[in-house]
Amino acid sequence: MGEKRKSRILAIPSVRRGNGSGHLHRMLTLAAEYPEQVSLFLDRNGELFPGPVIDLKPYEQFIESETDFRKIPGEEWSYILLDQRETSRAVLQKLKKILPGTPIAAVDEGSRNRRFIDYLIDTMPGLHRRESNLFKPDLNPMPVQRRFYYDCPERFEKILVSFGGEDPRGLTLPSLEALLSLPFISSYSITVVQGPASRKLQLPPEVKILKAPDNLREHLSAYDCLVTSYGLTALEALAAGTPVLTINPSRYHSRLARKTGLPVCGTGKPDKRRLKRILESPRKLIGRCVLAEEALNKGTAESTSLSDLSPSDVFCPGCGRERAAVIGRFPERSFYRCRSCGLVYQQRWVPDSTVYNHAYFFDEYKRQYGKNYLDDFEHIRKMGEKRLKHIQPGHPDPALLDIGCAYGPFLQAAKEAGFRVEGVEPSREAALWAEKNLGCEVHALGLGEFTEQNPQRSWDAVTLWYVIEHFPDLQAVLKQLSGMVRPGGVLAMGTPNGKGISARRHLKSFLAASPADHYTILSPSSIRKLLAKHGFRVEKFRVPGLHRERFPAPLCFFWPLNRIIASWLLLGDTFEIYARRLESEKPGKPL
1 MGEKRKSRIL AIPSVRRGNG SGHLHRMLTL AAEYPEQVSL FLDRNGELFP
51 GPVIDLKPYE QFIESETDFR KIPGEEWSYI LLDQRETSRA VLQKLKKILP
101 GTPIAAVDEG SRNRRFIDYL IDTMPGLHRR ESNLFKPDLN PMPVQRRFYY
151 DCPERFEKIL VSFGGEDPRG LTLPSLEALL SLPFISSYSI TVVQGPASRK
201 LQLPPEVKIL KAPDNLREHL SAYDCLVTSY GLTALEALAA GTPVLTINPS
251 RYHSRLARKT GLPVCGTGKP DKRRLKRILE SPRKLIGRCV LAEEALNKGT
301 AESTSLSDLS PSDVFCPGCG RERAAVIGRF PERSFYRCRS CGLVYQQRWV
351 PDSTVYNHAY FFDEYKRQYG KNYLDDFEHI RKMGEKRLKH IQPGHPDPAL
401 LDIGCAYGPF LQAAKEAGFR VEGVEPSREA ALWAEKNLGC EVHALGLGEF
451 TEQNPQRSWD AVTLWYVIEH FPDLQAVLKQ LSGMVRPGGV LAMGTPNGKG
501 ISARRHLKSF LAASPADHYT ILSPSSIRKL LAKHGFRVEK FRVPGLHRER
551 FPAPLCFFWP LNRIIASWLL LGDTFEIYAR RLESEKPGKP L
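Residue numbering for the sequence shown follows this note's numbering, beginning at 1 and increasing consecutively.
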């Protein structure tokens, strides 16, 4: 095997006034950590985001390289990484137009457009109604130096005031004035951070100034208390063992601070009474900060590295349409429902490592079903007998190809029913076992290899029992199947049901339980549309089984009747499709 290809990331941090400088700091740190993989685009001229730019001169020494806007479309990027605080739909649409098919990820995205972003990474607890794929606080560099909260004094003698590299709402001076109005706070005990992009302030001569430190987080442990707004600096201070109180620029920031457990001493301006009450009781503030830090540490960071994310295609594997809104998010994948064909499918951000080997059919199968595949052979063969009653090619001595036949229980049932059988199975061990023990011809190949070696062959019946969902490119597979089934022949499949009772009741749980190698989740409506485009007409849907315990309690009381209704409505968690290859219609023409 060749060397694994490294991801190439186009990182676009916010450099707009009013958004602070934390976004730029974070992406500069990421680019410094992965210089060969991360390329920065700083929107200096407003090609993507309107509005004035912060003064970038203080940061130039840290910017080793930068991507020109004109060069963006000419490069191949694994994905785009936005760190913008809020991204508009117009910007997302422009990026999709400039780089069609390139997945988009975002860090701490606060806009209502989260559902249109392929992969979301949150580094701080938020109030987002829509969850993220990954909670990754370790994306924010934390202080190396740390003190212990029990070392904090009974009275705060060294207070640090910092409102970011820009202080867009001008909270530094009002907060300083509020602190100096307190009788027990001395101007000699206060240090004010002057950020690289913040305005110059007229401060009392006794107040110390810390001018644009390269790494503020490494200074935090030297102070008894930090006055700041909710954000990365506040979390860095908690990690450094420094008590924090917040004065926030907006209600949104104040809600985030309260959710984290940090005291709020004003929104838009300082609340002097609350500030006095909190600073008079250092031990109470320290206790609150200890609880806040413990709560943050309970959310364990995922080990996934952004440099290891390697997303798959963003287009619908059934019809080729570009992705719509995300309906389910997990650390390794996102799920979509296509607006055109209705197909539910996953986009993987961590490559699937499933191997169809001995362990897959024995250890993994036993964990799921309580016995290994060969122990279950007879049961699967009997299910095959029931399925064969619905496969009627229309003439004697029919030829049948079973794709993904495993150890061959359906081949055995079809052979006993009078079919001339043949199988395709990527597991060499399973293919050899079926040939030796069942006397059936089984090709130890993947479907792609098999069709390349047999381009002109066709069969009266082609079957795929719980196999179709394993193909990343469903559209290509359906096209292959269209050529493999003779006109008038039958295509039969079984697959999980994206409109079954479990998916309808608890979609998130249903998607979470979907195996890593199930790239698509079909439903009766979506497979009917897709098969029609490839020259098939669905003749029958069948629900092989209904699990009573998965239905709401009221329906279970009248189960004999409701079972009939549920079966008629195709509410089973799996379903089977029996379609006929049309003789007159051309593949690709919808019915």
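The beta carbon of each residue, even a glycine, is placed where N, CA and C say it ideally should be.
Notebook entry, point to check: Where do the ends of the alpha helix (DSSP H) carrying G22 lie?
Noted result: G22 to E33
Margin query: Given this structure, state the Cα-to-Cα distance separating D155 from L210, to the nearest angstrom.
Written below: Inspection of the sequence shows that residue 155 is occupied by Arg rather than by Asp. One C-alpha to the other measures close to 22 Å.
Item checked: Neighbourhood of D517 by C-beta, 6 Å cutoff - its chain only, sequence neighbours within 5 removed -> D352, T354 and H470
Checklist line | For G448, three-class secondary structure by DSSP | finding: If DSSP states are grouped into helix, strand and coil, G448 belongs with the helices.
Check: Whose C-beta lies closer than 8 Å to the C-beta of L570 among residues of the same chain, with five residues either side of it excluded?
Finding: N497, K499, G500, P524, F541 and V543
Notebook entry, point to check: So L171 packs on F163, CB below 8 Å; how close in whole Å?
Noted result: 5 Å
Next item on the list: Kindly identify the DSSP beta-bridge partner or partners of D402.
Entry: G423 and T463
Margin query: Going by C-alpha to C-alpha distance, which of A105, P137 and V477 sits closest to I9?
Written below: The option with the nearest alpha carbon to I9 is A105.
Notebook entry, point to check: Buried or exposed: A237, going by 16 or more other Cβ atoms within 10 Å of its Cβ?
Noted result: buried
Check: Who are the near neighbours of S39 in its chain, counting only those whose CB is closer than 6 Å to its CB and skipping five residues on each side?
Finding: L10 and T67
Notebook entry, point to check: From M27 to S281, what distance separates their C-alpha atoms?
Noted result: 38 Å
Check: Looking only at its own chain, which residues have a Cβ that is under 7 Å from the Cβ of Y188, when we skip the five neighbours before and after it?
Finding: E206
Next item on the list: Put A325 into one of helix, strand or coil per three-state DSSP.
Entry: coil
Notebook entry, point to check: Per DSSP, what kind of secondary structure is G494 in: helix, strand or coil?
Noted result: strand
Check: Is Y570 helix, strand or coil when you go by DSSP?
Finding: Here residue 570 is Leu; the residue named in the question, Tyr, does not match the sequence. Coil, per DSSP.
Note to self: Whether or not the stretch 16-23 and the stretch 116-123 are in contact is what I'm after, with contact meaning three or more pairs of Cβ atoms, one per stretch, closer than 8 Å; do they touch?
What the structure shows: no
Note to self: When you compare the CB positions of P331 and F377, do they come within less than 7 Å of one another, or not?
What the structure shows: No.
Check: For V161, which option in R169, L134, V193 and C152 has the closest C-alpha, if you only look at C-alpha atoms?
Finding: V193
Check: DSSP three-state call for F148: helix, strand or coil?
Finding: coil
Note to self: For a test of the three-state rule: what should DSSP assign to R17, helix, strand or coil?
What the structure shows: coil
Note to self: Counting C-beta neighbours from all protein chains within 10 Å, is the total for E576 16 or more, i.e. buried, or is it exposed?
What the structure shows: buried
Check: Short check: CB of T246 to CB of Y223, under 7 Å?
Finding: Their beta carbons are not under 7 Å apart, which means T246 does not touch Y223 by this criterion.
Note to self: By DSSP's criteria, S39 is part of a beta bridge. Which residues make up the other side?
What the structure shows: DSSP, once it has assigned bridges, lists L10 as partnering S39.
Checklist line | H443 - DSSP class collapsed to helix/strand/coil | finding: In the structure shown, H443 sits in a strand (DSSP, three-state: E or B).
Check: With Q412 and L445 assumed to form a contact (beta carbons below 8 Å), what rounded beta-carbon distance in angstroms separates them?
Finding: Incorrect: roughly 20 Å between the Cβ atoms, too far for contact.
Notebook entry, point to check: Taking the alpha-carbon positions, what's the H253 to G268 distance?
Noted result: 10 Å
Note to self: Going by C-alpha to C-alpha distance, which of Y466, P398, E452 and K382 sits closest to G404?
What the structure shows: Y466
Next item on the list: Find the nearest neighbour of R273 within the set L182, R258 and T304, judged by alpha-carbon distance.
Entry: Per the C-alpha coordinates, the member of L182, R258 and T304 positioned closest to R273 is L182.
Checklist line | Runs of alpha helix (DSSP H) wholly within the stretch 134-196 (minimum 4 residues, chain order) | finding: 172-180
Checklist line | Start and end residues, beta strand (DSSP E) containing F471 | finding: Neither: F471 is in no beta strand (DSSP E) and is coded neither H nor E.
Margin query: Rounded to the nearest angstrom, what separates A579 and G110 at their Cα positions?
Written below: Cα to Cα, A579 sits roughly 46 Å from G110.
Checklist line | Rounded straight-line distance, which links the Cα of F362 to that of S567 | finding: 31 Å
Checklist line | Between the CA atoms of E76 and T102 - distance to the nearest angstrom | finding: 9 Å
Checklist line | Test item: CB-CB of L474 and P270 under 7 Å | finding: no
Next item on the list: Could you check which residue in T242, L226 and E294 has the C-alpha nearest to that of L275?
Entry: The option with the nearest alpha carbon to L275 is L226.
Next item on the list: Rounded to whole angstroms, what's the CA-CA distance from V326 to V350? Just pull it up for me.
Entry: 17 Å
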